[in-house]
Amino acid sequence: MQITSQTKYFPLSLFFLLFAPACASSSWKVLQPKFSALPFKERQEALLEILDFPLQNLRPPARNHLIKKIGYLAKQDPNEVIRACAIDVLAYLGKAQCNPYYLRGLRDEKFIVRYQAIKALQKYGTKTAIQPLLAVLEKAENFHCRREAAKALAKIGEKSIVPQLIQRIDQEENIGVRYAIHKTLEHLTKQKLPFLPGVWKSFQIRE
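Each residue of the sequence shown is one higher than the one before, starting from 1 at the first, in my numbering.
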């Protein structure tokens, strides 16, 4: 077949026809250039409807294109609820592939976005998330974020952080966070110890 000026470029309409059979759904408004200018409720509904889209119908090129667009929203949308929704959708579309977006969400100025990023890391976090989550556990002002960060570290399952968690547990002022760290230590060490002050420091000495 001879390549002509008309066949050099992949038509956008053909992209949708082959890779996104449900493109007529309002979910695909996220691909529109002026999506961020739409009303808040319309943007939120368009994002959340993607969660109902069967992933088996979305081929990898289309999924990657969608992830890139939604990743931009997770960082740049002016509304924190939209940024949080975008992270939720990224977790659905990309799972562990989207770790860089979750990690960036940890640095967002709004609690709802940081919290949603931690919840995504609980499901799909990799070892690249360990140090950022430890930083949240140590420095985050909101105890909800510290508690969920401890749970995420348990899911990732890296035993080398046990000494840091042992040091942190007795410094933590919130009992709910201390308990989450305690359960993470139990998970990582395969030990069952009473939830008492200083108990893990004694365990460290014995080990």
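C-beta atoms are modelled at their ideal positions from N, C-alpha and C, and glycine is treated no differently.
Check: Return helix, strand or coil for R178, following the three-state DSSP convention.; Outcome: helix
Check: Is the beta carbon of I87 sitting closer than 8 Å to the one on Y102?; Outcome: yes
Check: Quick one: grab the DSSP three-state call for R83.; Outcome: helix
Check: For a test of the three-state rule: what should DSSP assign to R146, helix, strand or coil?; Outcome: helix
Check: Tell me whether the beta-carbon of D170 lies closer than 8 Å to the beta-carbon of P194.; Outcome: no
Check: Quick check: K151 and A129, are their CB atoms within less than 8 Å of each other?; Outcome: no
Check: Please go through the stretch 51-109 and give each complete alpha helix (DSSP H) segment of 4 or more residues, from N-terminal end onward.; Outcome: 60-76, 80-94 and 99-105
Check: So is Q32 buried or exposed if we call it buried at 16+ other beta carbons inside 10 Å?; Outcome: exposed
Check: Could you compute how far the alpha carbon of E49 sits from the alpha carbon of L73?; Outcome: 15 Å
Check: For Q97, which option in P61, I67 and N79 has the closest C-alpha, if you only look at C-alpha atoms?; Outcome: I67
Check: With 16 as the cutoff for other CB atoms within 10 Å, does R59 come out buried or exposed?; Outcome: exposed
Check: Should L90 be labelled buried (16 or more other beta-carbon atoms within 10 Å of its own) or exposed?; Outcome: buried
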